[in-house]
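In terms of my numbering, the sequence shown is residues 476 to 549.
See structure below.
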Amino acid sequence: MMIADLIDLEDFAQSLRELGVVIAADADAVQVRAALDSWLTTDEQSAAWHQLKARLQTEFTGRMLPDVERLLAD
476 MMIADLIDLE DFAQSLRELG VVIAADADAV QVRAALDSWL TTDEQSAAWH QLKARLQTEF
536 TGRMLPDVER LLAD
């Protein structure tokens, strides 16, 4: 049996929380994006977001659920 390590919206939101983004536990993709956009106010935050984005795109290529793919593409 093969078990794939997928990243879903909750995993993605948790990664953002670790950066300091405030996201409700039951947030949908639109709410996650709004929270991220509100949080991105400094160069340091922008750099942290771009580092996370690059890491996730490398680490989970082909193993992201559609909501996460769309959020990373925006």
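The C-beta atom is built at its ideal place from N, Cα and C for all residues, glycine as well.
Predicted, not measured: the structure shown is a model, and the values here were computed from it.
DSSP beta-bridge partners of residue i
i: I498; result: DSSP lists no partner for I498.
Whether residue i touches residue j by CB criterion (7 Å)
i: A510; j: D542; result: no
i: R538; j: L481; result: yes
i: L494; j: A523; result: yes
Selection from the options that minimises the alpha carbon distance to residue i
i: A552; options: T516, L546 and L484; result: Outside the displayed range of the chain (476 to 549) lies residue 552, so it cannot be described from this structure.
i: S521; options: A488, E544, V496 and F535; result: V496
i: W514; options: L531, A488 and A548; result: A488
Whole-angstrom C-beta distance between residue j and residue i, which should lie under 8 Å
i: Q506; j: A500; result: 11 Å between Cβ atoms; not a contact.
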